[in-house]
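Start counting the sequence shown at -13; every next residue gets the next number (this note's numbering).
No residue lacks a Cβ here, since even glycine has one placed at the ideal position from N, Cα and C.
In this text the structure is predicted, and so the values were computed from the model without any measurement.
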Amino acid sequence: MTNHDQDPAENGATHGADSSGHSPILSDGDSDIVLEARGVTKHFPVRRTVGDLVGRRHRTVHAVDDVSLRLRRGSVTALVGESGSGKSTVARLLSQLYPLTGGEIRLGGVPVKAGRGRSFRAYVKQVQLIFQDPFASLNPVHTVRYHLTRSLKIHGKQATEAEACELLERVQLLPPLQYLDKFPHELSGGQRQRVAIARALGADPKVLLADEPVSMLDVSIRLGVLNLLRDLKERLHLAILYITHDIASARYFADTTLVMYAGRIVEGGDSETVTQQPAHPYTQLLIASAPDPDRMVDEEDQEETGSGEPPSLISPPEGCRFHPRCPKAMERCRTELPPRFELDDGQWAACWLYEDRPVATTIPGASTTDAGTDAGTDGASTTEVAAK
-13 MTNHDQDPAE NGATHGADSS GHSPILSDGD SDIVLEARGV TKHFPVRRTV
37 GDLVGRRHRT VHAVDDVSLR LRRGSVTALV GESGSGKSTV ARLLSQLYPL
87 TGGEIRLGGV PVKAGRGRSF RAYVKQVQLI FQDPFASLNP VHTVRYHLTR
137 SLKIHGKQAT EAEACELLER VQLLPPLQYL DKFPHELSGG QRQRVAIARA
187 LGADPKVLLA DEPVSMLDVS IRLGVLNLLR DLKERLHLAI LYITHDIASA
237 RYFADTTLVM YAGRIVEGGD SETVTQQPAH PYTQLLIASA PDPDRMVDEE
287 DQEETGSGEP PSLISPPEGC RFHPRCPKAM ERCRTELPPR FELDDGQWAA
337 CWLYEDRPVA TTIPGASTTD AGTDAGTDGA STTEVAAK
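Next up, the structure:
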């Protein structure tokens, strides 16, 4: 076994701890689960001002709080939310680019804390991050050939022209020899993103973390990139986390959809159910805000979905973080954080409107069959970071 093939548990993996009483207990019996987050939390310290020093205040940004999810082999999970909701931070936590404040990450059922060096390379060999901006993620002074052969070399593969061409064929850049010696500025946005995906595939990963992979592309080519990712999922049995602010694309592309607001996941379930029968008031607001030429919304209906801006994550609201914007908020919403309540067909919502329903005990991303077994550096790919 080479250094690149070592088990993550042998490379600095350590146990974590849940940060909230709301995190469920997960079972380890499902072999399809590739990557798990359990009660993952990330707080960033705020640079202290003179006033902070005088008042001895230590302020933090509550970017992610108690997030739990599962990524399954051959399945796409969408994480949907507004800008600033914390969804990109979740991707960086899962890719081990940020250290955790609380909770734990499991790869293949094993708690893992990659750190740096050899253990980080072993981790990113299995978990690859695709960044939002395809131009910034490729070095402008190097050719496509360099990016792909470097990825292959880092992960212990043969860095030959034939291997690089095979990667380009996987992402449907044909004929591959036509692209090998091109520089990033000579490619379109869609072609650059396909090269970034090909570079990630050079590691032969089990998981792809796609952080808004089509948001910076022309509308006309977004569908092609999503179809490519879907094809790779089916052919290579990849587990994919698709991060987006576009809930309509989540319905089209993802098997499961999780909705995130102000650092917390507030609803989840089958993508068709979540997008067509949204339960949480925030999900209803997201869907009402999405362009739909067939939808006729009068002013009264628009007011019922809520309005306003997301809260400051330096001092997030008590209770449900959506209550300042929620038209259905009750007194309890202002003081108590709601647990996840089970709805129908595997759907759940963290909202006191459903307090008559049972509290969910399965983890987001779990199938309904799990209910019986569960008790209770931007601008470089992770391949490039691993080389440092």
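- A straight line joining the alpha-carbon of Pro325 with that of Val66 spans about 19 Å.
- Taking 4 residues as the shortest admissible run, the segment 300 to 330 contains no complete alpha helix (DSSP H) segment at all.
- Per the C-alpha coordinates, the member of Gln179, Glu322, Thr348, Glu341 positioned closest to Phe121 is Gln179.
- DSSP, read as helix, strand or coil, puts Pro31 in strand.
- The Cβ neighbour count for Ile140, taken over all protein chains shown within 10 Å, is at least 16; the residue is labelled buried.
- Ranked by how close their Cα comes to the Cα of Thr46, the residues Lys28, Gly188, Asp241 have Lys28 in first place.
- Around the beta carbon of Ser298, a 10 Å sphere encloses fewer than 16 other beta carbons of the protein chains shown; the residue is thus reported as exposed.
- Only buried fits Thr63, as 16 or more other CB atoms lie within 10 angstroms of its CB.
- Under the three-state reduction of DSSP output, Ile183 falls in the helix class.
- Of the residues Pro350, Ala248, Leu339, Asp232, the one whose Cα lies closest to the Cα of Pro302 is Ala248.
- The alpha-carbon of Glu253 is positioned some 28 Å away from that of Gln112.
- Selection Ile91, Arg33, Ala77, Leu57 evaluated against Ile19 yields Leu57 as nearest (Cα-Cα).
- Between Glu258 and Arg237, the alpha-carbon positions lie close to 6 Å from each other.
- When beta bridges are read from the DSSP output, Gly88 appears opposite Thr27.
- CA-CA distance, Val245 to Gly88, rounds to 21 Å.
- A Cβ-Cβ contact shorter than 8 Å links Tyr228 with Ala196.
- In this structure, the CA atom of Gln82 is about 33 Å from the CA atom of Leu160.
- Sequence-distant partners of Ala346 (beyond 5 residues in either direction) whose C-beta falls short of 6 Å from its own C-beta, in its chain, are Arg326, Glu328, Trp334.
- In this structure, the CA atom of His231 is about 12 Å from the CA atom of Thr243.
- Ranked by Cα distance from His48, the first of Lys73, His309, His223 is Lys73.
- Here the C-alpha atom of Ser123 lies approximately 14 Å from the C-alpha atom of Val200.
- Per DSSP, Gly294 lies in no beta strand (DSSP E) segment and is marked neither H nor E.
- If you keep only unbroken alpha helix (DSSP H) runs of at least 4 residues inside the segment 105 to 162, you get 130 to 140, 147 to 156.
- If you look at Arg343, you'll find it isn't in any beta strand (DSSP E); DSSP assigns it neither H nor E.
- In the three-state scheme derived from DSSP, where H, G and I count as helix and E and B as strand, Glu68 is classed as coil.
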